[in-house]
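Residue numbers (the numbering used here): 1 to 313. From the three backbone atoms N, C-alpha and C, an ideal C-beta is built for every residue, glycine too.
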């Protein structure tokens, strides 16, 4: 009789455990709203370490519609470059949660147009940042919008430190490094021309991430003598006609180009002639409006590109 009672107790225990697990999953679905976040939250609840740290460099150009947002990871360190327009924050936060990120090591706001900083206040509120890098903007171009005000408030509350971009400054990101190569000078006429431009290097591979830099800034960067050679180019200003000049593309000589833009956007991005120039030089040209998120992984020697989780040639 005692053995039967013991078996019955075991069954009750298993049922209780099952109910607890179900409730935990249900709670996190309600709380987070995505399978990736659900898994991450459940792992935290039961004490399982979230994910393994990879030494590879991983760059994810996030599809945020007509805007920019890039997540860079290497050796357990992370950097978010831009955060799309207002309304993009949930998509970006879902990605950050799915990557098991608790706090961002670096945040870069390339320039304060809404389609680059719109989602930043909510993201900083959720994740915070050790260091935020942004350009120093001429007084006549400083935005007076509520979006910019919310951005500044979030920096004060959630960033350990804020600095203005400084040409030639090099930062460490796990086993990778990134250098500020633009803007060279303040531009008093166009906010885009004040975009922070970063050259990211891991082993033999390099990425040039250009914000909305257009023709004038491209020329200044080329004339500065900075090393701008890259394997991957995040195309400037959503592939507009004012960016990615033939001279600039010849100078940076990318193998892969990624354009971040929204479907059927009112600006006509990317410009047809710009796409033609890119295709003449690059082996692969990808667009978030057609391909969704584009993920590029480097082991320091070779690059692999993924769309919808599948490697592409």
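Between residue 59 and residue 149, the alpha-carbon positions lie close to 29 Å from each other. Unbroken beta strand (DSSP E) stretches of 3 residues or longer found wholly inside the segment 181 to 239: 197 to 202, 205 to 209 and 232 to 234, given in chain order. DSSP places residue 257 within a strand segment (E or B) once states are collapsed to three. In the DSSP annotation of this structure, the continuous segment of the alpha helix (DSSP H) that includes residue 276 starts and ends at 272 to 281. By a beta-carbon distance limit of 8 Å, residue 201 does not contact residue 180. Their separation comes to about 13 Å. Our two residues, residue 307 and residue 278, have alpha carbons roughly 19 Å apart in a direct line. In this structure, the alpha-carbon of residue 274 lies about 6 Å from that of residue 239. Following the DSSP letters along the chain, one finds residue 247 inside the alpha helix (DSSP H) bounded by residues 246 to 252.
Taking the C-beta atoms as reference points, residue 209 is found no nearer than 7 Å to residue 252.
With fewer than 16 neighbouring CB atoms inside 10 Å of its own CB, residue 166 falls in the exposed class. Check the Cα spacing between residue 309 and each of 294, 73 and 98: the tightest is with 294. In the three-state DSSP reduction, residue 139 falls in the helix class (H, G or I). Residue 300 and residue 56 have their alpha carbons spaced roughly 7 Å apart. In this structure, residue 231 lies near residue 255, with their beta-carbon atoms less than 7 Å apart. One alpha carbon belongs to residue 111, the other to residue 101, and they sit about 24 Å apart.
An exposed status is given to residue 153, since fewer than 16 other beta-carbon atoms sit within 10 Å of its beta-carbon. With respect to the 7 Å criterion, residue 158 and residue 125 are classified as neighbours on the basis of their beta carbons.
Annotation: the segment 98 to 167 contains the following complete segments of the alpha helix (DSSP H) (minimum length 4 residues), in chain order: 114 to 117, 120 to 127 and 146 to 158.
7 Å or more divides the Cβ of residue 174 from the Cβ of residue 263. Per DSSP, the continuous beta strand (DSSP E) segment holding residue 304 begins and ends at 303 to 307. In the DSSP assignment, residue 89 is bridged to no other residue.
Around the beta carbon of residue 192, 16 or more other beta carbons sit within 10 angstroms, so the residue counts as buried. Counting along the chain, the unbroken alpha helix (DSSP H) around residue 290 starts and ends at 288 to 291. Secondary structure of residue 95 (DSSP, three-state): helix. Only residues of its own chain outside the window of five on either side were considered, and among them 105 and 160 have a CB closer than 6 Å to the CB of residue 130, listed in chain order.
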